[in-house]
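Undergrad: Under my numbering, the letters of the sequence shown match residues 13 to 111, in that order. Using N, Cα and C, we set each Cβ at its ideal position, and we do this for glycine too.
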Amino acid sequence: MPLYVYHCAENQETVEVFHPMSRTIATWGELCTLASVDLGVTAPETPVKRVIIAPHLAVPTSDSDYKSLGMKKLVRRDKGVYENVTAREGESRIVDYTS
Numbered sequence: 013m014p015l016y017v018y019h020c021a022e023n024q025e026t027v028e029v030f031h032p033m034s035r036t037i038a039t040w041g042e043l044c045t046l047a048s049v050d051l052g053v054t055a056p057e058t059p060v061k062r063v064i065i066a067p068h069l070a071v072p073t074s075d076s077d078y079k080s081l082g083m084k085k086l087v088r089r090d091k092g093v094y095e096n097v098t099a100r101e102g103e104s105r106i107v108d109y110t111s
């Protein structure tokens, strides 16, 4: 299930909650029930809006990062010939796809 973020303009609170894409949350009461959060002094029928947030992606930045994650990074050296810059000891650095 995706993580959604909702904001209530009346109390200026932002709440994160997981729910199916098919579900629509429109009020503070619905949101608090789903997120197991106390209503506080805000009326349950107070409207909330879903906030769009950018996802955080962790992308390896160096060859050693790729290597430590068990990934392979190939750098093209010629047509069909690549160098495995993340090759481990005993592993061939040259990968030939021309054959």
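Note down, one range per segment and in chain order, each beta strand (DSSP E) of at least 3 residues found wholly within the region 58-98.
TA: Complete beta strand (DSSP E) runs here, min 3: 61-63, 86-90, 93-96.
Undergrad: What are the partner residues of T26, as DSSP defines its beta bridges?
TA: Here residue 26 refers to the residue found at position 14 of the sequence shown. BP columns for T26 point to H19.
Undergrad: Determine the extent of the alpha helix (DSSP H) in which L51 is found, giving its start and end residues.
TA: The residue you call residue 51 lines up with position 39 of the sequence shown. Counting along the chain, L51 falls outside any alpha helix (DSSP H), and DSSP gives it neither H nor E.
Undergrad: Name the residue from I37, E25, S74 whose alpha carbon lies nearest to the alpha carbon of V97.
TA: Your numbering for residue 97 matches position 85 in the sequence shown. Checked all of I37, E25, S74; the closest Cα to V97 is S74.
Undergrad: Apart from the five residues on each side of it in sequence, which residues of its chain come closer than 7 Å, Cβ to Cβ, to T58?
TA: The residue given as residue 58 occupies position 46 in the sequence shown. So the qualifying residues of the chain are C20, E22, T39, W40.
Undergrad: What does the alpha-carbon distance come out to for the pair P67 and S48?
TA: Residue numbering aside, residue 67 sits at position 55 when the sequence shown is read from its first letter. Residue numbering aside, residue 48 sits at position 36 when the sequence shown is read from its first letter. Cα to Cα, P67 sits roughly 24 Å from S48.
Undergrad: Near I37, what residues of its chain come up, given a Cβ to Cβ distance below 8 Å and the 5 sequence neighbours on each side ignored?
TA: Here the question's residue 37 lines up with position 25 in the sequence shown. The residues are Y16, Y18, V29, H31, L43, L46, V60, R62.
Undergrad: If we call anything under 8 Å between Cβ atoms a contact, is L81 one with Y94?
TA: The count along the sequence shown starts at 1 and reaches residue 81 at position 69. The count along the sequence shown starts at 1 and reaches residue 94 at position 82. No, these two residues do not count as a Cβ contact at 8 Å.
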